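Have a look at the structure below before the remarks.
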Amino acid sequence: MLEKINQNDWISALGDGVWAYLIIPDPVLRSELVERGAIRQSIETGQQVARQVRERFPGRRAAEILDNLGARVILSQDNPRWGSRLQCAEYQQRPPQVTIYERAMEEMARVAEDFRLDLFADPTVMREVSLSHELYHHLERTEYSPVSKQFRLVSKRIGPFTFYKRAAQLDEIAAHAFAQELCGLSSSPGILDLLMRYTSAAGRSNLFRQSQEIHTLD
Ligand SMILES: [Zn+2]
């Protein structure tokens, strides 16, 4: 079945924000967040912040904007991974700094090529997308507020005390939406991020099936 899923299938299966739903793997958490409008809000926030940044820094690239906002950009040849997942870039708040992992960037571009996601099959595009993504994280920490803060979840209640947690995936959704808008891309980098999380053929078939269910729910 999988070999029949070509580029257009993946883009139509995971486009239109479907990737954003699936980035939250826990179906219970996902439906709670959908009900509260959190996923839509995350996408809209990312897009809105990107439009404001474009107005503020017309014609500037993400690296220049970061520099202007006092964040350093470091290009690294390290290739860190989280389990089987590649790490392309990293944001650190103190001191403000973005690290771009060049080798991961090349690997991501190759994966994009395998999926025939031509848009992301160029390491230069991947680097601009990743810098934009991390620029959003810098802005959410310094000038805006993370979307996940608006949608706190009850973690547990003990007697009169309520403990909360945040769904960090919402901030990832916002960062992907920001990067897409700022870079003017026709598809979301969230699609590639999601595909990178499902490395086996069985996993990807499963992902495709889930995406079809979400479309059916719409
Ligand atoms: Zn991120």
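One rule links them: number in the working numbering = place in the sequence shown (from 1) + 30.
Don't be surprised by glycine CBs; every beta carbon is placed ideally from N, CA and C.
Computed from a predicted structure; not experimentally measured.
Set against 7 Å, the gap from the CB of His163 to the closest heavy atom of ligand 1 is smaller. Residue pairing from DSSP places Tyr131 in a beta bridge opposite Ser106. Each residue's CA atom was taken as its position, placing Ile54 and Arg60 some 6 Å apart. About 7 Å separates the beta carbons of Glu158 and Arg91, which is inside the 8 Å limit, making them a contact pair.
Minimum Cα-Cα distance from Arg70 among the listed residues Leu212, Ile188, Ser178 corresponds to Ser178. Between Phe208 and Ala80 the beta-carbon gap is near 5 Å, inside 8 Å, which marks them as a contact. With three or more CB-CB distances shorter than 8 Å, the segment 106-115 counts as touching the segment 124-139.
By the Cβ neighbour-count rule, Gln117 is exposed, with fewer than 16 other Cβ atoms within 10 Å of its own.
In the three-state reduction of the DSSP assignment, Ala151 falls in the coil class.
Contact annotation: the segment 203-218 touches the segment 158-167, with at least three C-beta pairs closer than 8 Å. By the neighbour-count definition (other C-beta atoms within 10 Å, threshold 16), Leu200 is a buried residue. Its chain contains Tyr228 as the residues whose beta carbon lies nearer than 6 Å to that of Leu237, once the 5 sequence neighbours on both sides are disregarded; these appear in chain order.
Following the DSSP letters along the chain, one finds Phe193 inside the beta strand (DSSP E) bounded by residues 191-195. With a cutoff of 7 Å, His168 does not count as near ligand 1, since its C-beta is closer than that to no heavy atom of the ligand. For Ala205, the Cβ falls inside the 7 Å cut-off from some heavy atom of ligand 1. Straight through space, the alpha carbons of Gln123 and Arg171 are spaced by roughly 8 Å. By the CB criterion at 8 Å, Pro126 and Gly89 fall outside the cutoff. Remark: three or more beta-carbon pairs, one from each stretch, lie closer than 8 Å, so the segment 181-200 and the segment 62-77 are flagged as touching. The C-alpha of Ala139 lies about 31 Å from the C-alpha of Ser175.
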